[in-house]
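Engineer:
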Amino acid sequence: MAAVLKHLHRSCRTWYRNVCCRLSTVPAVHPTTSDKELHVPVMAKEVIESLQPESGQVLIDMTFGAGGHSLKLLQSAPNITLITLDRDPVAHDIAQNLARGFPGQVVPLLGKFSEVPELLSAHGIEQNCVDGILFDLGCSSMQFDVAERGFSISKNGPLDMRMDGARGGDVPTAADVLAQADEEDLARIFKVYGEEKKAKKIARAVIEARYTFKKLETTSELSELVAAVCGGDHRLDKLQRHSHAATKTFQALRIFVNNEVNELNYAMIIAQAYLKPLGRLVTLTFHSLEDRIVKRHLSGNVSENAVNPLPLRYSNPSLCHDQETVSCLFESCWQPVHKHVLTPSDDEVEANPRSRSAKLRAAIKMKV
Ligand SMILES: C[S@@+](CC[C@H](N)C(=O)[O-])C[C@H]1O[C@@H](n2cnc3c(N)ncnc32)[C@H](O)[C@@H]1O
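Spelled out as structure tokens, the structure:
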């Protein structure tokens, strides 16, 4: 596993670190929220059918959020041991409440995917011993809906966007990135993580704003700036509804601030390591960048560099890997559960528009 991690996303990691090192940080905002169920779990029925939980199994919900999927998993079969993970302390508080409702069954962990090996070993959980793992990627409704978290275009708040909230001490906020990243890095962030066609124009406008106006500090200031740059662009989402011109810029900043691409690559390697043979992995992704990463891992075709759109097998021919690394990278240990990727029903999309871009992939780990 260490060899694979070393080769994965080397230059992406370096670029992320380099940009972060050049940015200073501000104290974290830690808004409070009630722990009532705020997140309607997406494709919950399909998730349970794909994971097939059974009595006595050990499962991990790697993205606890408001616990919607976790609750369904606990209700799906008796005596399940459920390990829950989230990097957001607000979500962790909710997981602790859930644990009180299911005594002895829930182990709430606070941390990121990249911290999972240490967190699991502290609880005596070894590799190759977990029956099922779920990832419901992206932000929770709680994060989007609390203006102070800074994720939302429609709710004015500080440009924070750190999922870790109070834990994210040394992580730059979105405002830090906008204030200090250079034009080239900004354009790259908007283009790669937001797939934004006007990335360069928006990056130029952000730089100009530093001198002409003042530091961009709120979600409204950023969304108004991007709307002004994109002028009369009429953008439609997948439901053919008008989407805000700044949607992709917000997505890009959020992915960058939370290092989501690298976290997802770690996540997929960790899932492979901790599932037992015949254990099941289910992923819910919400944009093409996430889905591409999951798809490549499941097919054994792992990209050497997340910024480079080419899968590893087509990329730099001068790269030398030892035999162990090559077989690790190219041989998939996964067998898909479904012939095609699953998407939400029309009824679900209507009832919960946030599910509209969901893609569910499920796979069985076939060998150690
Ligand atoms: C879409 S929400 C999950 C919602 C949840 N399934 C439910 O039903 O309530 C995604 C959650 O994953 C968490 N998350 C995202 N990236 C993470 C990472 N790298 N490590 C740990 N948690 C992460 C976020 O903080 C967020 O709470």
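Per this note's numbering, the very first residue in the sequence shown carries number 2; after that it's consecutive. We put the beta carbon where it would ideally sit given N, CA and C, even for glycine.
My understanding is that N157 touches S221, with C-beta atoms under 8 angstroms, so please give their C-beta distance in whole angstroms.
Structural biologist: Here the question's residue 157 lines up with position 156 in the sequence shown. Here the question's residue 221 lines up with position 220 in the sequence shown. So it is a contact: roughly 4 angstroms between Cβ atoms.
Engineer: Going by Cα to Cα distance, which pick from L52, K46, K113 is closest to V131?
Structural biologist: On the sequence shown, residue 131 is found 130 positions in, with the first residue counted as 1. Nearest C-alpha to V131: L52.
Engineer: Measuring from the CB of Q144, is there a heavy atom of ligand 1 at a distance below 7 angstroms?
Structural biologist: Translated into the one-based positions of the sequence shown, residue 144 becomes position 143. Q144 Cβ: within cutoff of ligand 1.
Engineer: Is it buried or exposed for Y275, if we count other Cβ within 10 angstroms and need 16 for buried?
Structural biologist: Sequence index remark: in the sequence shown, residue 275 carries index 274 (1-based). It counts as buried.
Engineer: Report the option in E197, K199, E185 whose CA atom is closest to the CA atom of I208.
Structural biologist: The residue you call residue 208 lines up with position 207 of the sequence shown. The shortest C-alpha separation from I208 is found at E185.
Engineer: Per DSSP, what kind of secondary structure is Q273 in: helix, strand or coil?
Structural biologist: As a position in the sequence shown, residue 273 is number 272, starting the count at 1. The answer is helix: DSSP assigns Q273 an H, G or I state.
Engineer: Quick check on the burial criterion: 16 or more other C-beta atoms within 10 angstroms. Buried or exposed for E127?
Structural biologist: Counting from 1 along the sequence shown, the entry for residue 127 is found at position 126. When all chains shown are included, E127 counts as exposed.
Engineer: Pull up the distance between the alpha-carbon of S77 and that of A272, whole angstroms please.
Structural biologist: The sequence position of residue 77 within the sequence shown is 76, counting from 1. The sequence position of residue 272 within the sequence shown is 271, counting from 1. Distance between the alpha carbons of S77 and A272: 21 angstroms.
Engineer: Taking the C-alpha atoms as reference points, what is the distance between G66 and D89?
Structural biologist: Walking along the sequence shown from the start, residue 66 turns up at place 65. Walking along the sequence shown from the start, residue 89 turns up at place 88. G66 and D89: Cα-Cα distance of roughly 8 angstroms.
Engineer: Ligand 1 and H124: does the residue's C-beta get closer than 7 angstroms to at least one heavy atom of that ligand?
Structural biologist: By one-based count along the sequence shown, residue 124 stands at place 123. Not under cutoff, so the answer is no.
Engineer: Compare the C-alpha of H243 against each of F257, A228, S300 and name the closest.
Structural biologist: Along the sequence shown, one-based indexing puts residue 243 at 242. Of the candidates F257, A228, S300, the one whose C-alpha sits nearest the C-alpha of H243 is A228.
Engineer: Leaving out the 5 sequence neighbours to the left and right, which residues in its chain are closer than 6 angstroms to R281 when beta-carbon positions are compared?
Structural biologist: Within the sequence shown, residue 281 is the residue found at index 280, counting from 1. Here the set comprises L52, G133, I365.
Engineer: Check the DSSP bridge columns for Q336 and list the partner residues they point to.
Structural biologist: By one-based count along the sequence shown, residue 336 stands at place 335. I365, per the DSSP bridge assignment.
Engineer: Of all the alpha helix (DSSP H) runs that stay within the bounds of the region 193-257, which reach a length of 4 or more residues?
Structural biologist: Listed in chain order, they are 200-213, 220-231.
Engineer: State the Cα-Cα distance for the pair V147 and G166, rounded to the nearest angstrom.
Structural biologist: As a working mapping, residue 147 is identified with position 146 in the sequence shown. As a working mapping, residue 166 is identified with position 165 in the sequence shown. Their backbone Cα atoms lie some 12 angstroms apart in a straight line.
Engineer: With a cut-off of 8 angstroms on the beta carbons, I'd call L299 and P345 a contact; round off their distance for me.
Structural biologist: To locate residue 299, count along the sequence shown from 1; it is residue 298. To locate residue 345, count along the sequence shown from 1; it is residue 344. L299 to P345, Cβ: 20 angstroms. No contact.
Engineer: Return the first residue and the last residue of the alpha helix (DSSP H) that D62 is part of.
Structural biologist: Counting from 1 along the sequence shown, the entry for residue 62 is found at position 61. Not the alpha helix (DSSP H): D62 falls in the beta strand (DSSP E), residues 59-62.
Engineer: Given this structure, state the Cα-to-Cα distance separating Y315 from V43, to the nearest angstrom.
Structural biologist: Along the sequence shown, one-based indexing puts residue 315 at 314. Along the sequence shown, one-based indexing puts residue 43 at 42. Bear in mind that a pLDDT of 45 at Y315, under 50, signals an unreliable position, so the number given afterwards is only what the model happens to contain. Cα to Cα, Y315 sits roughly 35 angstroms from V43.
Engineer: Using CA coordinates, which residue listed in D137, R101, P118 is at the minimum distance from N129?
Structural biologist: Within the sequence shown, numbered from 1, the residue matching residue 129 stands at position 128. Answer by Cα proximity: P118.
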